[in-house]
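Reviewing the structure listed below.
Number of protein chains: 2
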Amino acid sequence: MMGAVHAVPLHAETGDDAWLRYAPLDAVARKKYESLPASVLTLGDSPVLGAAQGELIRGVRGMMGRTLREGKSLPQENAFVLGTLAELHKADPALRAPGDLREDSFWLTTVRVHGFACLIITSPTDRGVLYGVFALLAKMARNETVASLNEVQQPFAPIRWVNQWDNLNGSIERGYGGRSIFFDAGSVRSDLTRAGDYARLLASVGINGCAINNVNADSRILKDDFLPQLARIADVFRPWGVRLAIAIDVSSPKVIGGLDTFDPLDPGVSDWWRKKVDEIYQQIPDFAGFIVKADSEGRLGPSTYGRTPADAANVIARALKPHGGLVFYRAFVYNHHLDWRNPKNDRARAAYDIFHPLDGKFDDNVVIQIKYGPIDFQVREPVSPLFGGLRSTNEAIELQITQEYLGQQRHLCFLPPMWKETLDFDLHAAGRSTPVKDLVAGKSFHRPTGGFVGVANVGLDADWLGHPLALANLYGFGRLAWNPNLSSGTIANEWTRMTFGNNPTVVRTISAMQLASWRIYENYTGPLGAGTLTNILGSHYGPGVESSERNGWGQWHRADHQGIGMDRTVATGTGYVGQYPAPVAGKYESLKSTPDELLLFFHHVPYTYVLHSGKTVIQYIYDSHYEGAQQAQGLVGQWESLKNDLDDEVYAAVLARLQYQAGHAIVWRDAVCNWFLRMSGIPDAKGRVGHYPNRIEAEGMQLQGYAPFDVIPQETGSGGKGIECAPPLQHCDASFRFDRAAGWYELDVEYFDQINGESKFRLFVGNQQVDEWVADDHLPAIKPGGDSSTRRRITGLALRPGDEIRIEGFPDGKELAPLDYVEVFARSQ
Amino acid sequence: MMGAVHAVPLHAETGDDAWLRYAPLDAVARKKYESLPASVLTLGDSPVLGAAQGELIRGVRGMMGRTLREGKSLPQENAFVLGTLAELHKADPALRAPGDLREDSFWLTTVRVHGFACLIITSPTDRGVLYGVFALLAKMARNETVASLNEVQQPFAPIRWVNQWDNLNGSIERGYGGRSIFFDAGSVRSDLTRAGDYARLLASVGINGCAINNVNADSRILKDDFLPQLARIADVFRPWGVRLAIAIDVSSPKVIGGLDTFDPLDPGVSDWWRKKVDEIYQQIPDFAGFIVKADSEGRLGPSTYGRTPADAANVIARALKPHGGLVFYRAFVYNHHLDWRNPKNDRARAAYDIFHPLDGKFDDNVVIQIKYGPIDFQVREPVSPLFGGLRSTNEAIELQITQEYLGQQRHLCFLPPMWKETLDFDLHAAGRSTPVKDLVAGKSFHRPTGGFVGVANVGLDADWLGHPLALANLYGFGRLAWNPNLSSGTIANEWTRMTFGNNPTVVRTISAMQLASWRIYENYTGPLGAGTLTNILGSHYGPGVESSERNGWGQWHRADHQGIGMDRTVATGTGYVGQYPAPVAGKYESLKSTPDELLLFFHHVPYTYVLHSGKTVIQYIYDSHYEGAQQAQGLVGQWESLKNDLDDEVYAAVLARLQYQAGHAIVWRDAVCNWFLRMSGIPDAKGRVGHYPNRIEAEGMQLQGYAPFDVIPQETGSGGKGIECAPPLQHCDASFRFDRAAGWYELDVEYFDQINGESKFRLFVGNQQVDEWVADDHLPAIKPGGDSSTRRRITGLALRPGDEIRIEGFPDGKELAPLDYVEVFARSQ
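Those protein sequence lines, which keep their order, are chains A and B.
Following the working numbering, the numbering of the first sequence begins with 1 at its first residue and continues without gaps.
Following the working numbering, the numbering of the second sequence begins with 1001 at its first residue and continues without gaps.
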């Protein structure tokens, strides 16, 4: 077993290695590990043990500048010893593990073997040995002591998976980190280097399964000619102990199988699945299983034949059973043509209504995969009641690492604090304490399996997710799946140390930014459990308060002139609250005992309703959005304080993201506040909303060529209007007269940066050009509005009363150099 | 006059901006400049004044984050005021310059104008105003005070030029920073952005002329269709006050002019030159003149017709005269077929012998361009006696910024200390003090013009010269041309602050490295004035001690079995010493009074000759080469101490260069020492030379496929031999048994990295691969030897007695995976 040699280049803080940088340790830390052995002995032989040994050598070389000697037999000198408990016991019968070690757990211990000091990394499984190596290297990267180690770590649950929503054409649904690492143009990529690198990242935090394709599955993935391609991916996963899974289309027997039905109770269909699965296992002996999305958002499912999800799941599960494979059946099943006029209709009820009656009807190798909340990955949702509603069925929680509704990696949003709230939530199922983490791990009702699924959607971008700091979410998901009792603070601290080193200022600052970020994002995007007030019909990105109303998608917040919120009580509402066990239902049924942060999820209240905090709902909406926007600006300053402590490249990349976020937070703030001001008619007690003394609306400027247009929805443009420079004009002007006192000023130009053009702008003071820029970002928008609204900040301008300030716009493609407004702030320079 | 807007991106410490980064100042420095005016008023209108105003705005914006307001009329508020003395006087007759300001000088002063505090930057010329702006911005970049400024700076000499040796095909003779910024494929480039950027760099240190093409000139440059292309370059130079010049072929009247002669005394030839020059000035009104290399190294010249250099220079000078143009006639004229068997022959005599008799025969717009030493840009030469030999003729000193014989920008070699020794050297011409700087500036004999020419050879590489630290030589040349009385320490300090910021550790360390580097390079490459012991017939790069001997090029050091050195005395040698004025000649004529560092230039001595230092010549050769190689390794450590204080990219780029240099210094050390050991038969008193206890010669290893070959010249391979893996073999092995004590070791593999192949190497300890690399550098070598010899350092290996160490080589192209030796050092890790 010859370890591959990895060069140890200069360690940039971004890039493929993510938190596995193994950057050279400083002298003090090196000293600490100087007496570690110079050899590594690996007992036994397997791809996973080979990866474990290679990783140890790579890590020690990176951090210590030493190349460990490889060996196979018991030591003639001090050594690291890697091997399963069985191999270890064979080599030295005196070695015995402390207590009962579960699959994938590991034991790190320092003992004398044949008179030599050995650091032993062992486990019941090869995979556990690999995890032990990663754990040891992580300790070194964090400068923790490894002297006299004697430590056992056991995974909380057997299922610790990620899903990728990659399409076979190479795009990724809700992916924000580039193209697929698996697929391109309808086939598996020829170069799977990044897929192997990904498996290494996953293994380092204990993730043992990965489904690689979109749950809105293309049935071609099961075609005969595709299976050898899948086997190539399984090959690069295998050394890292990551098992391959795929999402499937339940109509495959008909679509690609040549049958005239996919009825799960049809013997031909059952036969087809068995043969197909056997074929897969011939090529991929450690294949992990299937993900199923059926009868959901237009996907076909068992309802076509009047069958239940259990029927559909079991026919496939039985094909997998002999090989040890699993079916993950997603509980994300609901009617998306719900009649919004019926106040009793409630999408939140769907999963429980459908799956609770089927409890006990699923085979033992079926897992119901349940999103954390009853709606869809919103910034704040209560826990899905279905977690407590399945007691004779395996379940797994579906968390979303990719930030679909949470800023799409353009906004910083560290998710472990949100996930922890769900995982720690006690549903009191069956009259006793049943935190969600215990339920999904199968502990509460002694299920054979269960666990955690994270929708990751990494891509080919060097930083995997599109924002260097977003990698903390992938890391955090893995760590919580391994041990949900870790605190968010611990996770943030670990990740920061491994990614940016152990400089205390850096660790403190970045951890604090991460830990505050979810609440900041919630502050400026969505109040009191109403959900994210985003455009739910399109990009799921910028503000779009009304997009959830008056349509069948059921993400209603029911805001009107009087009040806001969904009445989901049993007494007067949709009855959803009744899906919770009594102790929980009791809390949510009453307005008084419902926590403020979920108030509008459960109750419809007038804007003047007074919260526990003492504020009215409407004033809370105003205040939280102003506070959030200010906090987002604060993140920029925190990051800037680290300028001299970070790698220049990552510093610049993150700074640009945070500055954008701070600008977009203002777009969110203004859109939400103005919408509610208009709807409620109740002014902001602090006089901010609707009053912008430093703002000059573009439509109010002196225009040459430029013409006003209505921004849709209106709250996503300041004053509801912007200006555009329409063909055949190639160039337009907007100007205004500066009339304040002479001094140093900052000018913020709010413009719209669509993806369907690259307009150019120039800014003049008098005849002097003081800035120019191109609107060439790739935001998810083809028209001016909340998705595309972007801020250009020009600082250090000496303005004098009477100055003419003028913007020249040069349209390009379908992007008509659109402008919203300019803000002028006095700033000492 | 609208200033172009330059974005102020993150400031990398490498790249186009070189020392003009204008990086944001820290808070303390900002404070210092906070009360500077917010406006800039520019009196008058010209491209140069426009550039000056734009530069001031750009610099202040970069460092202070402020955009100055542009204005044209006298201030309504505090302001920077830019304008010539004439314009200034027109605007406010009370303003008067202190004393007499020469052309291009400038005055920075703080005065009240119409009651407002103004910082005035003025000069007799537009160019001087631009220089004043650069001087002010440089002060700010170095955090120097600018309060109550009242400072005049005057240039030391009117001629402050660079030459580029660019070929029309885009290559550059002796250029090491990439392809030409001016030419590509026989024409002027369409994109001249870098040419403009270069002119800006030049202007920032007061350089006012640039000849853009190889002195081995292609006559096509004077063709009618080329002139408009040259005009485009003049256009991008003009705003920066840099005048365009070109090198010409004196045979042009015949080669491209259609005449049957280029005899300078032929009236048709004279007529041709007049018409050609008129044509040039029609298109380039500020054209600066011509450089002439004639009768030199195979170039045609006036000797074809029995005419003198004065005849050739004057016919061209008379054509230029009406337009104010100059002819630079290079004194680098010598016979390169000199009979080496005649001990009286001496190339060093040539320039003086040819040009001294012509003194007074050159027109007043002719300048004789004289290399600093009598040979050719060697690491140590005495001053050219011709500087004192022309008293009625203009002269300029030719210095070489590109490191042709001085490591070609792969070795650090900061040249101002060397240049200073030449410039400060007192030739005592005409019985009084005449330092070279005064002679070349025309001060000693009251010449109308004179000055400094630097051969720069920048290229398209981002760092211009191929080594980020080499830019200090371009900067230093400009600073010395402006003021040769500046110390090398001041120049190093200035450049480091402007390039890397004002962190005292950084400034101290980099300045110290620069200041030591020339002597370090001399130590390991060339002793006691014998010249650089390089391969003079080929690349002028690696060692090649005998290449100078027994051929007509005349760079002889006359080393034989008894002794070394050229006897150039009047009494017994070539008589060259007699070209110096008596006080200088007296010093060099006597062995006793000749300084050690130039001993071998003037005298032939036995190896046992005892130096002033008390060492024998041979022991000095050994000691200085060992000391130099050790100092080169020390540079690596000094640089590594700055890891956390520098931009990552430049840190990595320079570190790689310094590590290479340290390895190549050992190649130099061993080649030179072994050559002299073999020649002299006198052992190293310290027992180092020829004894390498840690070295395993490749030819002595266990070979599979590999076969030994003779390295030529033999001293450039250890033991005179290497090993190669010849076709049809695709792979060879060389191995040896490690027999020292168990411990941590470093392994240095010396291999040959040619430009005509990219061999691959793998290193194994036992069956464990511990390193692999590709020989893909672009060194100037197509065979194994001193030019290609390269070191791969593998650290942190735990070796045990009995280990087999094996190198696998995979040849590629004409590079046969050649190896020289391995060295094994015990190093604690």
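Even for Gly, the Cβ is constructed at its ideal location relative to N, Cα and C.
Check: Are at least three pairs of beta-carbons, each pair with one atom in the segment 578-592 of chain A and one in the segment 416-436 of chain A, less than 8 angstroms apart?
Finding: Contact holds: three or more Cβ-Cβ distances are below 8 angstroms.
Next item on the list: Provide the residue span of the alpha helix (DSSP H) that contains W1340/B, from first to last.
Entry: No alpha helix (DSSP H) holds W1340/B; DSSP gives it neither H nor E.
Item checked: Selection from A629/A, V383/A, G115/A and F134/A that minimises the alpha carbon distance to T434/A -> Selected option, being the one with the closest Cα: V383/A.
Checklist line | Straight-line gap, D224/A to Y22/A (C-alpha atoms, nearest Å) | finding: Each residue's Cα considered, the two are about 42 angstroms apart.
Next item on the list: Keeping to the same chain, check which residues put their C-beta closer than 7 angstroms to that of R827/A; ignore five residues upstream and five downstream.
Entry: Answer for R827/A: W744, Y745, E746 and T795, listed in chain order.
Next item on the list: Can you check the segment 17-49 of chain A for any beta strand (DSSP E) of at least 3 residues that lies completely inside it and give the ranges in chain order?
Entry: As far as the segment 17-49 of chain A is concerned, its whole beta strand (DSSP E) runs of at least 3 residues are 39-42.
Checklist line | Test item: CB-CB of Q1409/B and Y1176/B under 7 angstroms | finding: The answer is yes: Cβ separation under 7 angstroms.
Margin query: Between P1264/B and D1311/B, how many whole angstroms is the CB-CB distance? I'm expecting something under 8 angstroms.
Written below: The Cβ separation is near 4 angstroms, so the contact holds.
Notebook entry, point to check: Can you give the Cα-Cα distance for R1220/B and W1553/B, rounded to whole angstroms?
Noted result: Near 29 angstroms, if we compare the C-alpha coordinates of W1553/B and R1220/B.
Notebook entry, point to check: If you run the structure through DSSP and keep just helix, strand and coil, what is P1837/B?
Noted result: The first residue shown for chain B is 1001 and the last is 1829, placing residue 1837/B beyond what the model contains.
Next item on the list: Would you kindly work out how many angstroms separate the C-alpha atoms of H11/A and R1793/B, rounded to a whole number?
Entry: Bear in mind that the predicted position of H11/A carries a pLDDT of just 46, short of 50, making it too unreliable to give a figure here.
Note to self: For P811/A and A698/A, what's the separation of their Cα atoms in angstroms?
What the structure shows: Approximately 16 angstroms between the Cα atoms of the pair.
Check: Excluding sequence positions up to five away, which residues of its chain have a Cβ less than 6 angstroms from the Cβ of L423/A?
Finding: The residues V436, K437 and P484, in chain order, have a CB closer than 6 angstroms to that of L423/A in the same chain once the five nearest residues on each side in sequence are set aside.
Margin query: Within a Cβ cutoff of 7 angstroms, which residues of the same chain sit near A559/A, ignoring the five residues on either side of it in sequence?
Written below: If we look at A559/A and ignore the five residues flanking it on each side, its Cβ neighbours are M679.
Check: Looking at H1625/B and G1565/B, is the spacing between their C-beta atoms short of 7 angstroms?
Finding: Not a contact, by the Cβ cut-off of 7 angstroms.
Notebook entry, point to check: How would you call P416/A, buried or exposed, if buried means at least 16 neighbouring beta carbons within 10 angstroms?
Noted result: Buried, because 16 or more other Cβ atoms sit within 10 Å of the Cβ of P416/A.
Note to self: Can you give me the C-alpha to C-alpha distance between W773/A and N767/A, rounded to a whole angstrom?
What the structure shows: Whole-angstrom Cα-Cα distance: 17 angstroms.
Next item on the list: Report the option in G1681/B, G1705/B, E1173/B and K1721/B whose CA atom is closest to the CA atom of I1696/B.
Entry: If we check each option's Cα against that of I1696/B, K1721/B comes out closest.
Checklist line | T1308/B beta carbon less than 7 angstroms from that of N1394/B | finding: Cβ atoms of N1394/B and T1308/B: not closer than 7 angstroms.
Next item on the list: Apply the 10 Å Cβ neighbour rule to D249/A and answer buried if 16 or more other Cβ atoms are within range, or exposed otherwise.
Entry: With 16 or more Cβ atoms within 10 Å of its Cβ, D249/A is classed as buried.
Check: Does any C-beta atom of chain B lie closer than 7 angstroms to the C-beta of T795/A?
Finding: Flagged as an interface residue toward chain B: T795/A, by a C-beta distance shorter than 7 angstroms.
Next item on the list: Check the C-beta distance from S511/A over to G476/A and give it rounded, since I have them as a contact under 8 angstroms.
Entry: Not quite, the Cβ-Cβ distance comes to about 12 angstroms (not below 8 angstroms), so this is no contact.
Next item on the list: Give a yes or no on whether the minimum CB-CB distance between A1817/B and chain A is below 7 angstroms.
Entry: So, not an interface residue.
Next item on the list: Could you tell me whether the Cβ atoms of L1528/B and L1600/B are closer together than 7 angstroms?
Entry: Yes, they are a contact pair.
Note to self: Looking at the secondary structure, which residues open and close the alpha helix (DSSP H) in which C725/A lies?
What the structure shows: Unbroken run through C725/A: none, as it is neither H nor E.
Margin query: For T261/A and P253/A, I'd like the C-alpha separation in whole angstroms.
Written below: If you take the alpha carbons of T261/A and P253/A, they lie about 7 angstroms apart.
Notebook entry, point to check: Closest by CA to V1081/B, which one among Q1403/B, I1120/B and P1267/B?
Noted result: Ranking Q1403/B, I1120/B and P1267/B by Cα distance to V1081/B puts I1120/B first.
Next item on the list: With 8 angstroms as the C-beta to C-beta threshold (strictly closer), list the residues of the segment 708-735 of chain A near chain B in chain order.
Entry: Within the segment 708-735 of chain A, no residue has a Cβ that lies closer than 8 angstroms to any Cβ of chain B.
Check: Does the Cβ-Cβ distance between L1300/B and S1251/B come in under 7 angstroms?
Finding: Closer than 7 angstroms, so yes.
Next item on the list: Using a cut-off of 9 angstroms between C-beta atoms, extract the partners of A1079/B located in chain A.
Entry: The premise fails here: A1079/B is roughly 11 angstroms from chain A at the closest Cβ pair, so nothing lies under 9 angstroms.
Checklist line | Beta-carbon gap between L222/A and A288/A smaller than 7 angstroms | finding: Going by C-beta atoms, L222/A is not nearer than 7 angstroms to A288/A.
Notebook entry, point to check: If we cut at 7 angstroms on Cβ distances, does R497/A have a partner in chain B?
Noted result: Chain B contact via Cβ: absent.
Check: How would you label P93/A, buried or exposed, when you count the other beta carbons within 10 angstroms and need 16 or more for buried?
Finding: Its Cβ having fewer than 16 others within 10 Å, P93/A is exposed.
Checklist line | Which listed residue (V507/A, E804/A, R497/A and Q619/A) has its alpha carbon closest to that of L642/A | finding: Closest option to L642/A, judged by alpha-carbon separation, among V507/A, E804/A, R497/A and Q619/A: V507/A.
Next item on the list: Please say whether P228/A and P47/A have beta carbons closer to each other than 7 angstroms?
Entry: In terms of Cβ geometry, P47/A and P228/A do not form a close pair [threshold 7 angstroms].
Next item on the list: Kindly indicate which three-state DSSP category C673/A falls into: helix, strand or coil?
Entry: Judged by DSSP in its simplified three-state form, C673/A adopts helix.
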